[in-house]
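Residue numbers (this note's numbering): -18 to 139.
Below: one structure, written as structure tokens.
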Amino acid sequence: MGYQGEGLYHAGPSKIVAIPALSGIMTPFLMVSLWAIASLLRPGYDQLTQYGSELGTGDNSVIMNASFLITGILIVSFSLGLLTSIRTGFWSRAGSIFVGLFGTGEIATAAFPCDPGRPLTNPQSLSQQVHNGIAAVAFTAIAVAPLLVSVRLKRDKS
């Protein structure tokens, strides 16, 4: 028996919504855990002064790139759950799509790692240039997404 109003959960909780919701809950823990493992295995890596993307190159890069890939897939799953749960409101649906855009950026980051040391000046490899573009789009998307999704959630009285 689902909620009969115009709220967030029209059909009630189901596996279609529960699996993406679980993805959204697990992702931050998995992301931080894999990042911590990758950084501990990189001698001289400083989390305060270096980018996480730098762990995607060099020794043990497979850990960080796997993290980008796995967490990206989980984030896209979460965004699809949001999209199917929030059935009304243009801005909230756009926010769900922006969450998915961030997840897609995480996946793409695994395919386009940054150059060692992340040089901000030329010459940069094609992979670094694509990585920079992905980062700009993905981080903008994840910064804006909660604001857009909250438009609908604020009106939801359920």
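Here a beta-carbon is modelled for each residue, glycine too, at the ideal position from N, C-alpha and C.
Being a predicted model, the structure only gives us computed values, none of them experimental.
Check: Spatial distance of residue 20 from residue 8 (CA atoms); Outcome: 18 Å
Check: Pair within 9 Å by beta-carbon distance, residue 94 and residue 5; Outcome: no
Check: Residue nearest to residue 0 in terms of C-alpha spacing, selected from 61, 130 and 76; Outcome: 61
Check: Three CB pairs or more closer than 8 Å across the stretch 29 to 44 and the stretch 66 to 79; Outcome: no
Check: Under the three-state DSSP convention, the category residue 106 falls into; Outcome: coil
Check: For residue 98, the three-state DSSP class (helix, strand or coil); Outcome: coil
Check: Alpha-carbon spacing of residue 54 relative to residue 85, whole angstroms; Outcome: 8 Å
Check: Identity of the residue in 132, 124, 130 and 87 nearest residue 111 by Cα; Outcome: 87
Check: Reference residue 81; option with closest CA among 11, 118 and 92; Outcome: 118
Check: Buried versus exposed, by CB contacts within 10 Å (16 or more), residue 122; Outcome: buried
Check: Supposed close pair residue 97, residue 25 - CB separation, criterion 8 Å; Outcome: The Cβ separation is near 12 Å, so there is no contact.
Check: Test item: CB-CB of residue 22 and residue 48 under 9 Å; Outcome: no
Check: Continuous alpha helix (DSSP H) stretch holding residue 63: start and end; Outcome: 42 to 66
Check: Secondary structure of residue 29, DSSP reduced to three states; Outcome: coil
Check: Residue from 46, 59, 106 and 79 with nearest C-alpha to residue 120; Outcome: 79
Check: Status (buried if at least 16 other CB within 10 Å, exposed otherwise) for residue 76; Outcome: buried
Check: For residue 39, three-class secondary structure by DSSP; Outcome: coil
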